[in-house]
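One structure is given here, and the rest of the page talks about it.
Residue numbers (our numbering): 33 to 365.
Set out below in structure tokens:
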């Protein structure tokens, strides 16, 4: 909470420097984002992919592994869903169709992180670099595919065929919120339970604390590395497929909501606690929704909320450093 408060104060100073009223900005941000039913519903809808991605990053980061290429895995899953859904919808019963498209998204995300996972497991090559580079490849690959082989030639914009409304992801009864939210909550809390209560989760945590000790204890570090990275890639692909099936209804060229750039700091702010991710995911979603509303009224770019998110992570890192330094000095004394 302190890091969030510090980021809001620093954001207010930045707004003053560029000639904007910070009190007016934050007042509108909170009233438009949380003060209206539309803002709350939109924030909850935007939570769904964040929760699903966070569910995959939780075991990955708990194992001391870094998947920075979430954007690429998300886009691969989304592109595969946009391509396959129109075909599968006419060939499969609805439950099988929905499961097949979501599984295809999971497979796409896992395949896209497979090379970095193998390189990390076999040769200990830095996964930060490899996942990030694979993400850039994915961004350009899906752009080429949707403008070329997968392009719906019946429309002018570069996009896949439109998924009929009948074959979109169902909504929670009496709401506009799709079932992706339930999927995200269940996935996140299941992963939290696995990390805290199962042998696999214990092995992940030991590997993060001391990889040499994990090897000495007979744990398969290479196998655990593959598991951690593949799980995170699979959930990122699932989030992409779910967003296409529930919200977009197609895959567009140049579309990249950058959920990964929000989910990564979110996990660390929650201190790798699945329960804490939920309110933080809502807060970040509310910032994004409120930022879009305020951008039209005050002329502050919508991406200013990403600046706030980045500063929140910086202040969190600073507080962690100061806390560890204080504990070290206390132990010496």
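Positions of the beta carbon are idealized from the N, C-alpha and C atoms, including for glycine.
In this text the structure is predicted, and so the values were computed from the model without any measurement.
Would you tell me roughly how many angstroms separate the C-alpha atoms of residue i and residue j, rounded to the nearest one?
i: residue 247; j: residue 93; result: 19 Å
i: residue 289; j: residue 275; result: 10 Å
i: residue 116; j: residue 334; result: 32 Å
i: residue 266; j: residue 133; result: 13 Å
i: residue 56; j: residue 39; result: 17 Å
i: residue 48; j: residue 347; result: 20 Å
i: residue 86; j: residue 296; result: 7 Å
i: residue 50; j: residue 75; result: 27 Å
i: residue 218; j: residue 364; result: 44 Å
i: residue 351; j: residue 298; result: 16 Å
i: residue 44; j: residue 34; result: 15 Å
i: residue 221; j: residue 329; result: 38 Å
i: residue 194; j: residue 118; result: 7 Å
i: residue 104; j: residue 139; result: 13 Å
i: residue 252; j: residue 102; result: 25 Å
i: residue 304; j: residue 242; result: 17 Å
i: residue 294; j: residue 338; result: 8 Å
i: residue 154; j: residue 270; result: 26 Å
i: residue 37; j: residue 342; result: 13 Å
i: residue 360; j: residue 249; result: 28 Å
i: residue 225; j: residue 231; result: 11 Å
i: residue 41; j: residue 357; result: 25 Å
i: residue 5; j: residue 53; result: In the structure displayed, the chain extends from 33 to 365; residue 5 sits before or after that span and is not available.
i: residue 164; j: residue 181; result: 25 Å
i: residue 223; j: residue 291; result: 19 Å
i: residue 260; j: residue 83; result: 17 Å
What residue does the alpha helix (DSSP H) around residue i start on, and which one ends it?
i: residue 29; result: Nothing about residue 29 can be read from this structure; the chain reaches only from 33 to 365.
i: residue 338; result: 336–364
i: residue 109; result: 102–121
i: residue 224; result: 212–229
i: residue 206; result: Counting along the chain, residue 206 falls outside any alpha helix (DSSP H), and DSSP gives it neither H nor E.
i: residue 193; result: Unbroken run through residue 193: none, as it is neither H nor E.
i: residue 253; result: 253–275
i: residue 187; result: Segment: none, residue 187 is in no alpha helix (DSSP H) and carries neither H nor E.
i: residue 73; result: 69–94
i: residue 297; result: 291–301
i: residue 311; result: 306–330
i: residue 246; result: 243–248
i: residue 46; result: 34–49
By alpha-carbon positions, which one of the options ends up nearest to residue i?
i: residue 187; options: 214, 103, 283; result: 283
i: residue 68; options: 336, 352, 318, 342; result: 318
i: residue 287; options: 177, 50, 347, 89; result: 177
i: residue 212; options: 81, 239, 70; result: 81
i: residue 142; options: 112, 78, 338, 262; result: 262
i: residue 58; options: 83, 360, 124, 320; result: 320
i: residue 336; options: 46, 301, 36, 130; result: 46
i: residue 70; options: 306, 36, 207; result: 207
i: residue 79; options: 149, 216, 156; result: 216
i: residue 114; options: 145, 268, 280; result: 280
i: residue 149; options: 270, 331, 254; result: 254
i: residue 156; options: 135, 124, 168, 257; result: 257
i: residue 77; options: 135, 316, 345, 340; result: 316
i: residue 73; options: 135, 41, 314; result: 314
i: residue 128; options: 164, 199, 362; result: 199
i: residue 130; options: 232, 357, 278, 224; result: 278
i: residue 168; options: 145, 356, 358, 153; result: 145
i: residue 229; options: 306, 185, 181; result: 306
i: residue 109; options: 259, 124, 137, 126; result: 137
i: residue 111; options: 354, 291, 192; result: 192
Closer than 6 Å by C-beta to residue i: which residues in its own chain qualify, once you throw out the five before and the five after it? Chain order, please.
i: residue 325; result: 64
i: residue 264; result: 88, 89, 92, 99
i: residue 190; result: 178, 179, 183, 285
i: residue 322; result: 61, 64, 65
i: residue 202; result: 211
i: residue 340; result: 39, 43
Beta-carbon within less than 8 Å of residue i's beta-carbon, same chain only, minus the 5 sequence neighbours each way: which residues are those?
i: residue 147; result: 162, 166
i: residue 237; result: 94, 95, 227
i: residue 204; result: 210, 211, 213, 214
i: residue 151; result: 157, 159, 162
Looking only at its own chain, which residues have a Cβ that is under 7 Å from the Cβ of residue i, when we skip the five neighbours before and after it?
i: residue 107; result: 170, 171, 174, 272, 288
i: residue 196; result: 121
i: residue 327; result: 333, 334
i: residue 302; result: 308, 309, 312
i: residue 240; result: 94, 95, 96
i: residue 234; result: none
i: residue 245; result: 238
message = Which complete beta strand (DSSP E) runs does the stretch 139–184 hold, if anything under 3 residues is left out?
response = Segments of the beta strand (DSSP E) lying fully in the stretch 139–184: there are none.
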